[in-house]
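The next block holds one structure in the form of C-alpha cells; read it before the comments.
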Amino acid sequence: MVNRQLIDPESIVVVGASNNITKPGGKLFHNLRSGTFHGELYALNPKEEVVQGLRSYRGVSELPQTDLAFLAVPAKLCLKIIVELAKNKGTRAFIIISAGFGEENEEGMHIEREIVKVCETYGAALVGPNCIGVMTPSYQGVFTLPIPQLDSGGCDFISGSGATAVFIMEAGLQKGLRFNHVFSVGNSAQMGVEDVLQHFDETFREGRSSRVKILYFETIRDPGKLLRHASSLIRKGCRIAAIKAGTTAAGSRAATSHTGAMANPDTAVDALFRKAGIVRCEGREELTTVASVMLYPTMQGRNLAIITHAGGPAVMLTDVLAQGGMDVPRLEGPDVNRLLTKLFPGSSASNPIDMLATGNAEQLGICIDFCETVFSEVDGIVVIFGTPGLSPVFDVYQVLHEKMELCRKPIYPVLPSVTTAMEEVQDFLARGHVNFPDEVLLGKALTKVYNANAPAVEGQRPSGINIRKISELIRASGEGYLSPGSTGKILDACGIPRVEEWIAKDEASLGRLIQQAVYPVVMKVIGPVHKSDVGGVVPDIRDERAMIFHFQQMKKIEGFAGVLVQPMLQGIELFAGATYEPSFGHILFCGMGGIYVEVMKDIATGMSPVSRSEAIQMIRSLRGLPLLEGFRGQAGISIEAFAEIIVRLSAMLEGSPGIAEVDLNPVIGKGKQLMVVDARIRTKKPVV
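In this text, residue positions in the sequence shown follow my numbering: the first is 1, and each later residue adds one.
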C-alpha cells in the first residue's frame with residue numbers, strides 16, 4: 001500500500017544516520033538534508049551526539065511522532081525498531097535500505113515476513129528491504145547518486161533493482177530525460193512494482209500527473225494487477241515502457257507438445273505487455289530512449305522528415321524507420337525546388353534533406369520551417385547535427401531550441417558530438433530538451449512507440465460454448481493427455497470445427513471402420529505423443545489393403561493404443577494452441593501448422609482471454625500472413641474463421657486452469673472452411 005506518509009511526509013527519521021557520508025545511512029541523511037524536504041528531519045544513532053549538524057536521538061523512545069522512517073541498520077535490528085516506531089511513534093511508512101533479508105537466507109526471510117505482518121497490523125507502507133530508497137517531489141530519500149532535479153513533466157520510474165535503477169537514471173540523464181518519482185522496491189516484501197503503479201493509477205490527475213511511466217522488473221509478482229493498472233493508465237493518456245529481465249528459454253520448463261516447446265516465461269511476458277499496451281524494451285539505453293520519445297506529443301502520422309548535414313546517419317535512420325513501418329516520404333515539386341534555392345549548391349531536399357557539411361544555423365531554421373508549414377505530408381522532424389570541431393555550434397542549437405518551442409510538429413534532435421560539442425550539447429540539455437545521440441536507437445524507439453498496441457478491450461464470449469460440460473470433462477480426467485474421444489467432446493462443446501474421425505483398436509473394429517471408409521484417408525497412431533517421429537502418421541491411404549497393412553505396422557509402435565482414421569483434407573496447415581503459465585494464466589499461440597510450427601517459429605501470442613480483435617491482430621502479425629491471404633494463385637483462408645477458432649479456444653480455457661496445454665495442429669484451412677485435424681489436450685493440477 002502507498003500512503004500519504006510515504007509520498008509526502010511531514011517528518012522523517014533516519015535510523016542509522018551517520019556523520020560519515022561514505023556510509024549508506026550518512027549519505028541518505030545528507031541527501032535528505034540537501035534536497036527538497038522541508039519537514040522535520042531526525043537522526044537516530046546511539047553513538048552520536050550530533051549528526052551533520054542536527055541532534056542525534058539515542059533511541060526510539062526519545063523521538064517525536066514521525067511519519068516516515070528510513071532504516072540503515074543491520075537486518076536483525078530492524079524488526080524491533082519498526083514495532084516501536086509503529087506502535088509508539090505513529091510511523092506509517094518504512095523504507096528499509098539494509099540488506100541481509102530474504103535475498104540472503106531463511107533467517108532473513110523470517111525477519112522480512114514478520115516486518116510485513118507488523119506493517120499490515122498498523123496500516124503502514126513498506127518499501128524494500130534491500131533497496132536504494134525513494135525520491136518524490138517532497139524528498140530525495142536515497143543513498144546513491146545521481147539525484148535528478150525532479151520535474152512533474154518528467155517520467156515516473158519504478159525499479160525492482162536498486163543498482164539497475166541508478167544505471168537507468170544515469171543513461172536517461174545523459175540524454176536529458178527528466179524524472180518525477182523514483183521508486184526502488186528491492187525485495188518487494190510488501191510492495192512491488194505493480195503496487196506502486198496501482199498508486200499512480202488511482203491518484204492520476206489530468207495535467208498534474210506524469211504521462212510517462214518506465215518500469216524495470218526482475219519478477220512480476222501479480223500479472224493481473226499489472227495488466228489492470230497499466231491498461232487503465234494508458235487509457236487515461238499515459239504511456240508505459242518496461243524491461244523484464246530474467247526470462248530466457250533456458251529458464252523454461254521441459255515440454256512434450258509443440259505448444260510447450262514454444263512456451264516459456266518470456267512469451268508470457270510478451271503477451272502480457274502487448275495486452276496491456278506496454279512497450280517492451282531490452283536494455284537501459286533503449287528504455288530511456290523510448291521514454292524520451294514518449295515525453296513528446298503523439299505524432300499524428302508515420303511520416304518523418306530528416307534534416308541533416310551528414311548523409312550516413314540519415315541513411316541508417318531511414319532504414320530503421322522503414323523496417324519498423326514508418327516512412328521517410330520523398331519530397332518533390334516546386335516547393336522542394338524553392339527550398340533548394342536557399343541552400344548551398346549540391347544540397348538535397350528530396351528527404352532526407354541534406355544541407356551538406358557546410359550547412360549553417362540559418363539554413364537549418366529554413367528547412368525546419370518548410371517541414372512545419374509547407375510539406376503537409378510530414379508529421380514529425382528529425383534534425384541530425386553534429387560538428388567536426390572546427391567551430392562552435394551554439395548558434396545552430398539556439399535555432400533548434402527556438403523551433404522546438406514554436407513548432408506544432410515534434411522535432412527530435414540527434415546531436416551526436418557529445419564529446420566534441422560537449423559544451424553546446426550541455427547548454428541545449430539545460431534548456432529542458434532531450435538529445436538522442438544515436439540515430440538508430442532513436443529510429444527503433446520511434447517505431448516501437450508508433451507500433452505500440454492500445455490496451456486490449458474485452459470481447460464477448462462466442463455463442464454456443466458449453467463451459468459447464470468442458471469443466472466436467474476436465475474434472476473427470478486424470479493428469480496427462482486426454483483420450484481422443486474426450487478431446488473431441490471438448491472441441492465440440494466449444495464449437496470448434498473438427499474433421500470427422502473413427503477409432504480402431506483391434507482388427508474387428510478396423511473391419512467395421514473399413515466398411516464405411518470414404519477414401520482417401522489418413523491413419524494416425526493413438527498413444528505416442530509425437531506421432532510423426534515414430535512413423536505413426538500415414539496420409540493418402542486409398543484402399544482397404546493399405547489400411548490393413550498400415551494398421552499392422554502401427555501395432556508394432558511402442559505405446560500403441562489404436563489408430564485414428566480421418567478423411568484426407570487439402571488446404572493450408574495452421575496451428576493454434578495454449579499453455580498455462582503459473583500466475584499469468586493461459587497464453588495462446590497461433591501460426592503456420594504441421595511441421596513448420598517449430599521449424600519456422602512464426603508464431604504470435606496472446607494472453608487469455610483473447611478477444612476477436614486481439615485474435616485478428618495475432619494472425620496479422622505473422623510473417624506468413626501473405627500465404628494465409630492467398631499467394632500466387634493459391635487459395636488463402638478466412639482470417640475471420642481462424643480468429644473464431646482462437647477466440648473459442650480462449651473461451652475453452654476460461655475457468656479451466658486444469659488445462660496445461662492444448663495443441664490444435666494442424667488446422668486445415670481453405671477459404672472459410674477450417675477444420676481441426678489433430679488435437680491434444682494435457683491436464684495438470686494448476687500451479688498458481
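The C-beta atom is built at its ideal place from N, Cα and C for all residues, glycine as well. The structure displayed is predicted, hence computed values, not measured ones.
Cβ neighbour criterion (16 or more within 10 Å) applied to Y481: Here residue 481 refers to the residue found at position 481 when the sequence shown is read from its first residue. It counts as buried.
Stretch-stretch touch, CB-based, cutoff 8 Å, three pairs: the stretch 20-36 with the stretch 128-146: yes
Would you list the residues sitting across from Y57 in a DSSP beta bridge? What you label residue 57 is simply residue 57 of the sequence shown in a count that begins at 1. In the DSSP output, where bridge partners are listed per residue, Y57 has L44.
Per DSSP, cross-strand counterpart(s) of T121: To locate residue 121, count along the sequence shown from 1; it is residue 121. Answer by DSSP bridge pairing: none, since T121 is not bridged.
Note down the Cα distance separating D533 from M600, rounded to an integer number of angstroms. As a position in the sequence shown, residue 533 is number 533, starting the count at 1. As a position in the sequence shown, residue 600 is number 600, starting the count at 1. So the alpha carbons of these two residues sit roughly 18 Å apart.
C-alpha gap between G260 and E581, whole angstroms: For the purposes of this step, residue 260 is taken as residue 260 along the sequence shown, with counting starting at 1. For the purposes of this step, residue 581 is taken as residue 581 along the sequence shown, with counting starting at 1. In this prediction, G260 has a pLDDT of 45, which is less than 50 and means its spatial position is unreliable; what the coordinates show is noted afterwards. Using only the alpha carbons, I get a separation of about 10 Å.
Rounded to a whole number of angstroms, what is the C-alpha to C-alpha distance between L6 and F375? As a position in the sequence shown, residue 6 is number 6, starting the count at 1. As a position in the sequence shown, residue 375 is number 375, starting the count at 1. Near 50 Å, if we compare the C-alpha coordinates of F375 and L6.
With which residues is V293 paired in a DSSP beta bridge? As a working mapping, residue 293 is identified with position 293 in the sequence shown. Its beta-bridge partners do not exist; DSSP assigns none.
Report buried or exposed for G669, applying the criterion of at least 16 other Cβ atoms within 10 angstroms of its Cβ. The count along the sequence shown starts at 1 and reaches residue 669 at position 669. When all chains shown are included, G669 counts as buried.
Please list the terminal residues of the continuous alpha helix (DSSP H) segment that includes A17. On the sequence shown, residue 17 is found 17 positions in, with the first residue counted as 1. Note, A17: premise wrong, no alpha helix (DSSP H); not H, not E.
Grouping DSSP H, G and I as helix and E and B as strand, with all else coil, what is G186? Here residue 186 corresponds to residue number 186 of the sequence shown, with the count starting at 1. In the structure shown, G186 sits in coil (DSSP, three-state: anything other than H, G, I, E or B).
Flag Q174 as yes when its Cβ comes closer than 7 Å to any non-hydrogen atom of the ligand COA, and as no otherwise. This structure lacks the ligand COA, and indeed carries no ligand of any kind.
Suppose you measure from the CA of V396 to the CA of V414; what does that come to, to the nearest Å? Here residue 396 refers to the residue found at position 396 when the sequence shown is read from its first residue. Here residue 414 refers to the residue found at position 414 when the sequence shown is read from its first residue. Whole-angstrom Cα-Cα distance: 12 Å.
Hey, which unbroken runs of the alpha helix (DSSP H) at 4 residues or more fall wholly within the stretch 132-213? 162-175, 193-202
When the Cα atoms are used, what is the spatial distance from G251 to G671? To locate residue 251, count along the sequence shown from 1; it is residue 251. To locate residue 671, count along the sequence shown from 1; it is residue 671. Note that G251 has pLDDT 40, beneath the 50 cutoff, so the model's placement of it is unreliable and no number is given.
8 Å Cβ cutoff met for Q566 and E501: On the sequence shown, residue 566 is found 566 positions in, with the first residue counted as 1. On the sequence shown, residue 501 is found 501 positions in, with the first residue counted as 1. Closer than 8 Å, so yes.
Which two residues bound the contiguous alpha helix (DSSP H) that contains L674? Numbered from its first residue, the sequence shown carries residue 674 at position 674. Not the alpha helix (DSSP H): L674 falls in the beta strand (DSSP E), residues 673-676.
Taking its Cβ as the centre, do 16 or more other Cβ atoms sit within 10 Å of K685, making it buried, or is it exposed? Here residue 685 is taken as the residue at index 685 of the sequence shown, counted from 1. Classification of K685: exposed, given that the 10 Å Cβ count is below 16.
Work out the CA separation of H229 and N195 for me, nearest whole Å. By 1-based counting over the sequence shown, the position of residue 195 is 195. By 1-based counting over the sequence shown, the position of residue 229 is 229. The residue you asked about is not Asn; residue 195 is Asp in the sequence shown. D195 and H229: Cα-Cα distance of roughly 9 Å.
What's the gap between the Cα of L173 and the Cα of P437? As a first step, residue 173 must be located in the sequence shown, where it is residue number 173. As a first step, residue 437 must be located in the sequence shown, where it is residue number 437. Cα-Cα distance, rounded: 12 Å.
Got a sec, what are the start and stop residues for the beta strand (DSSP E) L564 sits in? Mapped onto the sequence shown, residue 564 falls at position 564. Where L564 is concerned, the enclosing beta strand (DSSP E) stretches over 563-567.
Entirely within the stretch 65-102 and at least 4 residues each: give me those alpha helix (DSSP H) ranges in chain order. 75-88
Quick one, are the C-beta atoms of T318 and P352 less than 8 Å apart? To locate residue 318, count along the sequence shown from 1; it is residue 318. To locate residue 352, count along the sequence shown from 1; it is residue 352. Contact flag set, yes.
Please list, in chain order, all residues of the same chain as P223 whose beta carbon is under 7 Å from its beta carbon, the five residues on each side excluded. Locating residue 223 in the sequence shown gives position 223, where the first residue counts as 1. Once the five neighbours on either side are set aside, the close Cβ partners of P223 are L272, S583, F584.
In the DSSP output, what is N303 paired with across the bridge? Taking the sequence shown and counting its residues from 1, one reaches residue 303 at position 303. D327.
Find the nearest neighbour of Y519 within the set A349, D506, R545, G495, judged by alpha-carbon distance. Within the sequence shown, numbered from 1, the residue matching residue 519 stands at position 519. Taking only the C-alpha atoms, the option nearest Y519 is R545.
Closest Cα partner of Y42 within the set K23, G16, N20, G35: Within the sequence shown, the letter at position 42 stands for residue 42. Ranking K23, G16, N20, G35 by Cα distance to Y42 puts G16 first.
In terms of alpha-carbon separation, which member of F589, R302, T308 lies closest to D327? Indexing the sequence shown from 1 puts residue 327 at position 327. Cα-wise, what sits closest to D327 is R302.
Note down the Cα distance separating T36 from V127, rounded to an integer number of angstroms. Here the question's residue 36 lines up with position 36 in the sequence shown. Here the question's residue 127 lines up with position 127 in the sequence shown. Whole-angstrom Cα-Cα distance: 20 Å.
Using a 10 Å radius around the Cβ and a threshold of 16 neighbouring Cβ atoms, would you call A254 buried or exposed? By 1-based counting over the sequence shown, the position of residue 254 is 254. With a pLDDT of only 37 at A254, under 50, the local geometry of the prediction cannot be trusted, and the value read off the model is given with reservation. By the 10 Å Cβ count, A254 comes out exposed.
Taking 8 Å as the threshold (C-beta atoms), are V290 and V449 in contact? On the sequence shown, residue 449 is found 449 positions in, with the first residue counted as 1. On the sequence shown, residue 290 is found 290 positions in, with the first residue counted as 1. In contact: V449 and V290 (Cβ atoms closer than 8 Å).
How is the alpha helix (DSSP H) around C590 delimited, first residue to last? Against the sequence shown, residue 590 aligns to sequence position 590. That residue, C590, is in no alpha helix (DSSP H); its beta strand (DSSP E) goes 585-592.
Out of A75, N88, I97, which has the shortest C-alpha to C-alpha gap to H110? Mapped onto the sequence shown, residue 110 falls at position 110. Closest by alpha carbon: A75.
I470 to H199, Cα distance in whole Å? Locating residue 470 in the sequence shown gives position 470, counting from the first residue. Locating residue 199 in the sequence shown gives position 199, counting from the first residue. Spanning the two alpha carbons is a distance of roughly 39 Å.
Please confirm if the stretch 100-115 is in contact with the stretch 47-62, defined as three or more CB-CB distances below 8 Å between the two stretches. no
Host beta strand (DSSP E) of R620 (start-end): Within the sequence shown, numbered from 1, the residue matching residue 620 stands at position 620. No beta strand (DSSP E) contains R620, which is instead part of the alpha helix (DSSP H) from 612-620.
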